[in-house]
Amino acid sequence: MRRLRGAGQKKFTGDGLKTRLPVMGNLLSSAHSLPGVLAAIMIGRMLNHRLRGDGFFRYVYAGLILIGGVLILQAVSGVN
């Protein structure tokens, strides 16, 4: 049976879940991505104030649909 994995998911064995290594790896990855998250928040706020009406939400929904499509294609094709 083939296991489908999407972007950002890792495959851990049963023993790997009992150790601290996956938890520390997740914390380090989260800390490493924090500057990008803060920059994205600031850019999103700036765009939200500049675009009038529903323009901002159209871009957000288009981005979510695009990302969802990419994730579905990755899961179906088995690409990590």
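Mind the numbering: the sequence shown is residues 1 to 80 in my numbering, read in order. By construction, the Cβ of each residue, glycine as well, lies at the ideal position given by its N, Cα and C atoms.
Since residue i and residue j are thought to touch, with beta carbons under 8 Å apart, how far apart are those beta carbons, to the nearest angstrom?
i     : j     : result
PHE56 : LEU47 : 6 Å
Three-state secondary structure (DSSP) at residue i?
i     : result
ARG50 : helix
MET1  : In this predicted model, MET1 has a pLDDT of only 46, less than 50, meaning its place in the structure is not dependable; the value taken from the coordinates is given anyway. Three-state DSSP puts MET1 in coil, outside helix and strand.
GLY44 : helix
VAL79 : coil
With distances taken from CA atoms, which of the options is nearest residue i?
i     : options                    : result
ALA40 : VAL70, VAL60, ARG52        : VAL60
GLY63 : LEU27, GLY44, HIS49, GLY53 : GLY44
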